[in-house]
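**Student:**
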Amino acid sequence: MNFELTEEQLAMQETARRFAREKLMPQYQEGDKSGQLNRDLVRQMGKLGLIGVELPQECGGLGTDGVTAGVIIDEIAYGDLPMSYVQLVGGLLGDILARFANPDITAEWLPKVIGGEALIGLGLTEPSGGSDAANLSVSARRSGNGYVLRGEKTSMSFAGEADIALVFARTGETGSGARGVSGFVVDLNQSGITRTRFDDVGTKAVSRGSVFFDDVFVPPECRLGDEGAGFTQIMSGFDYSRALIALECHGAARASLDEAWEYTKEREAFGVPIAQYQGVTFPLAEAETQLTMLRLLAYHTLSLRDNGKPHTSEAAMCKWYGPKVAVEIIHQCLLTHGHYGYTTSLPHQQRLRDVMGLEIGDGTAQIQKLVIAREKVGRMAVQYSNEARAAYRTSVSSKAGRHA
Numbered sequence: 042m043n044f045e046l047t048e049e050q051l052a053m054q055e056t057a058r059r060f061a062r063e064k065l066m067p068q069y070q071e072g073d074k075s076g077q078l079n080r081d082l083v084r085q086m087g088k089l090g091l092i093g094v095e096l097p098q099e100c101g102g103l104g105t106d107g108v109t110a111g112v113i114i115d116e117i118a119y120g121d122l123p124m125s126y127v128q129l130v131g132g133l134l135g136d137i138l139a140r141f142a143n144p145d146i147t148a149e150w151l152p153k154v155i156g157g158e159a160l161i162g163l164g165l166t167e168p169s170g171g172s173d174a175a176n177l178s179v180s181a182r183r184s185g186n187g188y189v190l191r192g193e194k195t196s197m198s199f200a201g202e203a204d205i206a207l208v209f210a211r212t213g214e215t216g217s218g219a220r221g222v223s224g225f226v227v228d229l230n231q232s233g234i235t236r237t238r239f240d241d242v243g244t245k246a247v248s249r250g251s252v253f254f255d256d257v258f259v260p261p262e263c264r265l266g267d268e269g270a271g272f273t274q275i276m277s278g279f280d281y282s283r284a285l286i287a288l289e290c291h292g293a294a295r296a297s298l299d300e301a302w303e304y305t306k307e308r309e310a311f312g313v314p315i316a317q318y319q320g321v322t323f324p325l326a327e328a329e330t331q332l333t334m335l336r337l338l339a340y341h342t343l344s345l346r347d348n349g350k351p352h353t354s355e356a357a358m359c360k361w362y363g364p365k366v367a368v369e370i371i372h373q374c375l376l377t378h379g380h381y382g383y384t385t386s387l388p389h390q391q392r393l394r395d396v397m398g399l400e401i402g403d404g405t406a407q408i409q410k411l412v413i414a415r416e417k418v419g420r421m422a423v424q425y426s427n428e429a430r431a432a433y434r435t436s437v438s439s440k441a442g443r444h445a
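Residue 382 in my numbering sits at position 341 of the sequence shown; the count goes up by one each step and never skips.
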């Protein structure tokens, strides 16, 4: 097993690293204040070829592998975690566009996304869904030769700024379940669409929020592939995005850890640098160990993907372990900086808030552990969960009847 990067990957890493540390890191906290991405910097990333590198060359990408995309997102997150969402969402949704969208739609939008000229959002989660991603109520009913969208999508990254979104809606039978879900490419700058922004704890520049569709007409050419195939289309990409999320967490935590090590050499207590105290350095040494394990797990997962091997279990490990470890490490780095670390002048508090959101988005730790168990022992792993859920619902109904 070779963990060395190729010359091409090292060159891409150096480009991303220089951009992240010279351009992104100095303005990182500005995005938290403004609640918006710096679109000029997004365009600069596009010009440098740092967005959608894994997408086909004929669409404007570089046709590289997932490991290379991971190398880039790791470096970008080191400088500005919310900005790395551009790579994450662009790669995940750009791949769906390239594979399933009408060629004319792909030709119109994908070069803009890769070039940093347009932001793309994912319209999947709904207020009643969350981790139950197939529980969709947004409808796309037939109207003439197209469809009419109605309902609310929530927790969409770039909800306040996205130019287009891949929206997944129910075109088949009513009710929950994956059957009857279809995907659509929707221009968000048209009548009948309204947006709200959430006042989130972190990643404010990602402008997460809700998008409301009030009888929005979608032409038939904007449907992604066959009707009813939408859920399979989007779920196939989550194993990939979960590995990339781990590297987002790694990049942010690595930045705080590097700063903490430097601080231990500069800060003195009782006449000597605090780096001489094991009580200070041992937690950082443990953090180094955890980050190394996280990075290798993420790249191993991406390597499995690139070689066409199963990686669902490994991706789930990345998703629950990465945010947890990053939160703990950044918190420790904040404490290492003492009372000054607790101020908003230093970026540790913002990185902590930014990473916390990744403990929720793209599937909670509990969901990931369920996935891992299912991969090991099959459906038996979820049988008890289903029975317990049914028993709980029966209990709630019984109590409600007694109190009626």
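Quick reminder that beta carbons are idealized off the backbone N, C-alpha and C, glycines included.
Just to confirm, are Ile371 and Ser297 a CB contact at a threshold of 8 Å?
**Tutor:** yes
**Student:** Can you tell me the Cα-Cα spacing of Ala326 and Pro168, whole angstroms?
**Tutor:** 42 Å
**Student:** Nearest-angstrom Cα distance between His444 and Ala357?
**Tutor:** Legend: pLDDT at His444 = 46, less than 50; position of this residue unreliable, value from coordinates given subsequently. Between His444 and Ala357, the C-alpha separation is close to 42 Å.
**Student:** Assign Thr47 to one of three DSSP states: helix, strand, or coil.
**Tutor:** coil
**Student:** Roughly how many whole angstroms lie between the Cα atoms of Asn43 and Tyr340?
**Tutor:** 11 Å
**Student:** On the three-state DSSP scale, how would you describe Lys350?
**Tutor:** coil
**Student:** Just how far apart, CA to CA, sit Lys360 and Pro260?
**Tutor:** 36 Å
**Student:** Alpha carbons only, please: which of Phe311, Gln390 and Arg346 is nearest the one belonging to Arg283?
**Tutor:** Arg346
**Student:** Might you give, ordered along the chain, the residues of its own chain that have their beta carbon closer than 6 Å to the beta carbon of Thr237, omitting 5 neighbours on each side?
**Tutor:** Gly250 and Ser251
**Student:** How many angstroms separate the CA atom of Asn186 from the CA atom of Cys263?
**Tutor:** Each residue's alpha carbon lies about 12 Å from the other.
**Student:** Could you pull the start and end residues of the beta strand (DSSP E) that Val412 belongs to?
**Tutor:** Not the beta strand (DSSP E): Val412 falls in the alpha helix (DSSP H), residues Ala406 to Val418.
**Student:** Check each candidate in Ala270, Ala246, Thr244 and Ser232 and name the one with the smallest Cα separation from Gly213.
**Tutor:** Ala270
**Student:** Taking Cβ positions, are Gln373 and Ala328 nearer each other than 8 Å?
**Tutor:** yes
**Student:** Is Ile161 helix, strand or coil when you go by DSSP?
**Tutor:** In the structure shown, Ile161 sits in a strand (DSSP, three-state: E or B).
**Student:** Provide the residue span of the alpha helix (DSSP H) that contains Tyr69, from first to last.
**Tutor:** Run containing Tyr69: Tyr69 to Ser75, per the alpha helix (DSSP H) assignment.
**Student:** Using 8 Å as the Cβ pair cut-off and three pairs as the minimum, do the region 129-138 and the region 291-309 touch?
**Tutor:** no
**Student:** Roughly how far, in whole angstroms, is the beta-carbon of Ala206 from the beta-carbon of Gly162, given that I think they are within contact range, below 8 Å?
**Tutor:** 4 Å
**Student:** Compare the beta carbon distance of Val368 and Leu393 with 8 Å and say whether it is the shorter of the two.
**Tutor:** Their beta carbons are under 8 Å apart, which means Val368 touches Leu393 by this criterion.
**Student:** Buried or exposed: where does Tyr433 fall if 16 or more other Cβ atoms within 10 Å of its Cβ makes it buried?
**Tutor:** Legend: pLDDT at Tyr433 = 43, less than 50; position of this residue unreliable, value from coordinates given subsequently. Looking at its Cβ environment, which holds fewer than 16 other Cβ atoms inside 10 Å, Tyr433 is exposed.
**Student:** Just verifying my parser: in three-state terms, what is the DSSP assignment at Phe253?
**Tutor:** If DSSP states are grouped into helix, strand and coil, Phe253 belongs with the strands.
**Student:** With distances taken from CA atoms, which of Ser125, Glu95 and Gln70 is nearest Arg58?
**Tutor:** Ser125
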